[in-house]
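This report refers to the structure that appears directly beneath it.
There are 2 protein chains.
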Amino acid sequence: MDDLKFTSKNCDDCPIRHRAVCARCEPGELTLLEEMKYYRSYEAGQPVVWAGDHMDFVASVVAGIATLTQTLEDGRTQMVGLLLPSDFVGRPGRTVAAYDVTAVTNLTLCCFRRKPFESMMDETPRIGQRLLEMTLDELDAAREWMLVLGRKTAREKIASLLAIIARREASLHLTRPSNGSSFELPLTRESMADYLGLTLETVSRQISALKREGIIQLEGKRKIIIPDFDRLQVETGDDTDGGFLA
Amino acid sequence: MDDLKFTSKNCDDCPIRHRAVCARCEPGELTLLEEMKYYRSYEAGQPVVWAGDHMDFVASVVAGIATLTQTLEDGRTQMVGLLLPSDFVGRPGRTVAAYDVTAVTNLTLCCFRRKPFESMMDETPRIGQRLLEMTLDELDAAREWMLVLGRKTAREKIASLLAIIARREASLHLTRPSNGSSFELPLTRESMADYLGLTLETVSRQISALKREGIIQLEGKRKIIIPDFDRLQVETGDDTDGGFLA
DNA sequence: TTTTTGCCTTGACGCAGATCAAGTGAGGTC
DNA sequence: GACCTCACTTGATCTGCGTCAAGGCAAAAA
């Protein structure tokens, strides 16, 4: 775990920046939240909760990456969400986890007990509004992923995933994805397969193919370099007019 | 179109029951909403909006069925949502439609101009709360569908769709899905294929197979009878312990 | 009545991706 | 140094579903 220092008593210099409850808040507005929050850490690979477990807290991701997955009885697994720092876990008004949550890397959560969080929400409409915004964004992401899962080829799926990670990586540095950008893959081949609705062998083969054709470069097994982002973008099968939503 | 009579001036006897804004509201609380609402009708097959269009209203479905779809440039189509009466269309804070919305049957929407709706939301936290709940439900549905799209076989996909429709149908009559229940399919084979990430031929073949094996019965092409709901449930591949979320 | 149109079914065939299986290579432990 | 394990790669084969093509049937149009 990183050496995060959790000393702040108000949101402005809170290092956590759990988007739902801290970003943009009025100074002093969230004193109660500050008082009821606490932290939990998980090792890479550890489960956070299992679907069906009782869950008496909601949380936001402080550091690390977690996944939301669903599993059929025969073991088939589908990842339904990827949780990055500032993402929200759990759902007000529900006491039972709907999905398996697993730490992919070492993970720190900033937790709030459910009950006080819910009454806080009642008193501070701002929190509910932020949560609504975030949930709508997640819904859009889920729907975009439905298109990927339902209609794209294995190759397009891989390209889509890489493009999404590259874009997200770039947005951390407040830039557009550019040529020559590189990043460390946070997921194993198997996790990628679970996200894309493929097998790990197919993931491996398609990554090899993209590499062979020079669309991506590999350093080791996990570091990806994208020499020409537009070329990768073409492989996703998406509209090329760069049409981001206004 | 049905002969709905839109005469009511408050929510209690409003025949519309747009869940987001009317259900459970305090009498008189939503007078402003009542004043700013208006209705639009669409014929079966008509587009409501195209992705990318400017959209100056939000709405809820009064009668009929609509679909949300996404399309790749080469024409591959994926349905990402099915809108039934009381479902909400559009999104506060966004002026551009993210998906194609199409009327499947004849359709009536109850619309609110965006601006007044948004200020109404600011003044009436209850509306935001309802919208958050609904959005979270939609998110769960989208994620459940990701599992269907990513990991289920064609046969399981069809069974899942039929089970969902049967359940929804039953809930309209406030019962659990029972043996011998029947319903009219609201979708063509092609729309089902778009929803399930299949081709219409595969949909047709799998429906024929389920019929041949007596798991479903057909009357005409659209009327489905389910002699034994548990047998259908088995075909979905889902957990059998009937585990609904608490 | 015949023709057209929209929606659906069924068959034959091919291929993308799953499955099964063997092998590689880096890091860790003894 | 020898051995193990874990993540990944690659090959051979199989198969579920897509693709292409030819009807069928009922309602609407002519």
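Protein chains in written order, with this note's numbering: chain A, 112 to 357; chain B, 112 to 357.
For glycine and all other residues, C-beta sits at the position ideal for the given N, C-alpha and C.
All values derive from a computational prediction rather than experimental measurement.
Beta-carbon contacts of residue i that lie in its chain and below 8 angstroms, excluding the five residues immediately before and after
i               : result
K369 of chain A : Shown here, chain A extends from 112 to 357; a query on residue 369 of chain A therefore has no answer.
G204 of chain A : E229
T213 of chain B : G156, Q157, P158, V159, A177, T178 and T180
E330 of chain A : S293 and I336
G239 of chain B : M232
Residue i - DSSP class collapsed to helix/strand/coil
i               : result
V215 of chain B : coil
G239 of chain A : helix
A174 of chain B : strand
E295 of chain A : strand
G261 of chain A : helix
L179 of chain B : strand
Q157 of chain B : coil
L311 of chain A : helix
T286 of chain A : coil
I337 of chain A : strand
M245 of chain B : helix
L193 of chain A : strand
Y150 of chain B : strand
R279 of chain A : helix
E184 of chain A : coil
E267 of chain A : helix
R224 of chain A : strand
E301 of chain B : helix
E330 of chain A : strand
For residue i, the nearest candidate out of the options (CA to CA)
i               : options                           : result
A155 of chain A : A:G204, A:A177 and A:N217         : A:N217
G186 of chain B : A:R224, A:L258 and A:I326         : A:L258
P227 of chain A : A:A170, A:A162 and A:T264         : A:A170
M147 of chain A : A:T286, A:M231, A:R266 and A:I276 : A:M231
L298 of chain B : B:L285, B:Y149, B:D248 and B:L194 : B:L194
D349 of chain B : B:A274, B:H165, B:M190 and B:P236 : B:A274
T206 of chain B : B:D167, B:A265 and B:V345         : B:D167
N290 of chain B : B:D233, B:I238 and B:D339         : B:D339
R224 of chain A : A:G201, A:P236 and A:R241         : A:G201
Q344 of chain B : B:S271, B:R287 and B:G261         : B:S271
S302 of chain B : B:L183, B:E184 and B:M190         : B:M190
E346 of chain B : B:K263, B:A174, B:L247 and B:D248 : B:K263
T188 of chain A : A:R266, A:E330, A:D305 and A:R323 : A:D305
L321 of chain A : A:A265, A:D164 and A:G239         : A:A265
E255 of chain A : B:R237, B:T182 and B:L285         : B:T182
D164 of chain B : B:I276, B:R278, B:L283 and B:D211 : B:D211
D362 of chain A : B:E184, B:G192, B:V172 and B:Y149 : In this structure chain A extends from 112 to 357, so residue 362 of chain A is not present and cannot be described.
V215 of chain B : B:Y153, B:L283, B:H284 and B:Y149 : B:Y153
Contacts around residue i, its chain only, beta-carbon distance under 7 angstroms, and the 5 residues preceding and following it disregarded
i               : result
R300 of chain A : L311, V314 and S315
K268 of chain A : V259, L307 and L309
I93 of chain B  : No information on residue 93 of chain B is available, as it lies outside the stretch 112 to 357 that chain B covers here.
R342 of chain A : I326
A209 of chain B : A162
E140 of chain A : Per-residue confidence for E140 of chain A stands at a pLDDT of 48, beneath the threshold of 50, marking its modelled position as unreliable; no derived number is given.
R88 of chain B  : The requested residue 88 of chain B does not occur in the structure, where chain B is confined to residues 112 to 357.
R278 of chain B : P288
Close Cβ partners of residue i (< 6 angstroms) along its chain, the five nearest in sequence each way excluded
i               : result
R151 of chain B : L220 and C222
A253 of chain B : none
Q328 of chain B : I336
E324 of chain A : none
Item to check | Positions along the stretch 249 to 261 of chain A whose CB lies within less than 8 angstroms of some CB in chain B | outcome: E249, L250, D251, A253, R254, E255, W256, M257, L258, L260 and G261
Checklist entry - In the stretch 227 to 247 of chain A, which residues sit with their C-beta less than 9 angstroms from some C-beta in chain B, listed in chain order? => result Close to chain B, meaning a Cβ-Cβ distance shorter than 9 angstroms, are the following residues of the stretch 227 to 247 of chain A: M232, D233, P236, G239, Q240, L242, L243, E244, T246 and L247.
Checklist entry - Of all the residues that make up the stretch 149 to 180 of chain A, which are near chain B by a beta-carbon distance shorter than 8 angstroms? => result G163 and L179
Checklist entry - Closer than 8 angstroms, Cβ to any Cβ of chain A: which residues of the stretch 264 to 285 of chain B, in chain order? => result none
Checklist entry - Got a sec: which bits of the stretch 184 to 201 of chain A sit with their beta carbon under 9 angstroms from any beta carbon on chain B, in order along the chain? => result Result list: E184, D185, R187, T188, Q189, M190, V191 and G192.
Item to check | Within 7 angstroms of chain B by C-beta, residues of the stretch 298 to 326 of chain A in sequence order | outcome: G308
Item to check | Residues, ordered as in the chain, of the stretch 334 to 349 of chain B that lie near chain A by beta-carbon distance below 9 angstroms | outcome: G348 and D349
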